[in-house]
Amino acid sequence: MDGKSHQVGHRERLRARFRKGGIDAVHDYELLELILFRAVPRRDVKSIAKVLIKKFGSLASVISAEPQRLKEVKGIGDSIVTEMKIVQAAAVNLLHGKVLDRPAISSWSALLDYCQASMAFSRTEQFRILYLDRKNYLIADEIQQEGTVDHTPVYPREVVKRALELGASSIILVHNHPTGDPTPSSADIEMTKEVVEAARSLKISVHDHLIIGQGKHSSFKALGLL
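The C-terminal position of the sequence shown is numbered 234 in this note's numbering, with every residue numbered one higher than the one before it.
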């Protein structure tokens, strides 16, 4: 059997195993292979998939990696990067859909999954605000600020002003720590206090402040900081 025939056979066997057993029937690198098949029609991609998993640590980290970091791996070009970003966008969109049309407070697990998918692997800090109506349904989900690797400027008056514009009754603050460690800093705690005070004066509730790390999170409410 020549190399081309072997590749075709391998791809079909892997697809058949996935069709039959789903995600439990394949390893992470094999699931990544299935994604790479679309971007690389003929070449062997098993070695690329294994290198990517080794470099980034997990399938989620590979999918969420920034394009320039993906291109540091030999054999990764624009077509593969585009495929990774399509899969990431689809995953975030799917998880966002699970947050919509239901009270955010009662779908907390879905909310955390969405925040993890959209923010956990960013290399810079993002400060996101979820604006809720009186029944805790999501009105808007907006990134208010983006910062550096360890700092995002947050302006409490801007947070409250936007809540009033949207007619929000409550908000959930969310930001990520690019280090992966979701432990609140003293600056995080002080900023949260300022937002709570500004919001309270206008009868807007702050349900929680979530800090998103890689695969974990901190909740100010659960920590007794809110």
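Cβ atoms here follow ideal geometry from the backbone N, Cα and C, with glycine treated the same way.
The structure presented is a predicted model; accordingly, all values stated were derived computationally and were not measured.
Considering Cα atoms alone, identify which of the options is closest to residue i.
{"i": "residue 188", "options": "46, 180, 76, 223", "result": "223"}
{"i": "residue 192", "options": "209, 174, 220, 202", "result": "220"}
{"i": "residue 87", "options": "97, 75, 98", "result": "75"}
{"i": "residue 179", "options": "190, 205, 51, 102", "result": "205"}
{"i": "residue 62", "options": "53, 37, 49, 47", "result": "37"}
{"i": "residue 186", "options": "55, 45, 154", "result": "154"}
Given a threshold of 16 other Cβ atoms within 10 Å of its Cβ, counted over all protein chains shown, does residue i qualify as buried or as exposed?
{"i": "residue 194", "result": "exposed"}
{"i": "residue 216", "result": "buried"}
{"i": "residue 10", "result": "Any reading at residue 10 must be qualified, since the residue scores a pLDDT of 47, below 50, and its modelled position is unreliable; the value itself is stated next. Under this definition residue 10 is an exposed residue."}
{"i": "residue 49", "result": "exposed"}
{"i": "residue 272", "result": "Past the edges of the chain, shown from 9 to 234, lies residue 272, and the structure says nothing about it."}
{"i": "residue 136", "result": "buried"}
{"i": "residue 35", "result": "exposed"}
{"i": "residue 218", "result": "buried"}
{"i": "residue 97", "result": "exposed"}
Beta strand (DSSP E) containing residue i: first to last residue?
{"i": "residue 184", "result": "178-184"}
{"i": "residue 213", "result": "213-220"}
{"i": "residue 139", "result": "134-140"}
{"i": "residue 205", "result": "Not the beta strand (DSSP E): residue 205 falls in the alpha helix (DSSP H), residues 194-208."}
{"i": "residue 148", "result": "146-154"}
Whole angstroms are fine: how far does the CA of residue j sit from the CA of residue i?
{"i": "residue 199", "j": "residue 210", "result": "18 Å"}
{"i": "residue 232", "j": "residue 225", "result": "15 Å"}
{"i": "residue 1", "j": "residue 122", "result": "The chain is shown only over 9 to 234; residue 1 falls outside these bounds and no answer can be derived."}
{"i": "residue 181", "j": "residue 227", "result": "10 Å"}
{"i": "residue 51", "j": "residue 60", "result": "16 Å"}
{"i": "residue 42", "j": "residue 26", "result": "9 Å"}
{"i": "residue 132", "j": "residue 171", "result": "24 Å"}
{"i": "residue 279", "j": "residue 33", "result": "Residue coverage of the chain in this structure runs from 9 to 234, which leaves residue 279 outside it and unanswerable."}
{"i": "residue 112", "j": "residue 142", "result": "11 Å"}
{"i": "residue 146", "j": "residue 101", "result": "15 Å"}
Starting from residue i, trace the alpha helix (DSSP H) in both directions and tell me its first and last residue.
{"i": "residue 117", "result": "116-127"}
{"i": "residue 104", "result": "86-107"}
Rounded to the nearest angstrom, how far is the Cβ of residue i from that of residue j, given a contact under 8 Å?
{"i": "residue 140", "j": "residue 176", "result": "6 Å"}
{"i": "residue 91", "j": "residue 57", "result": "The pair is not a contact, with the Cβ atoms about 12 Å apart (cut-off 8 Å)."}
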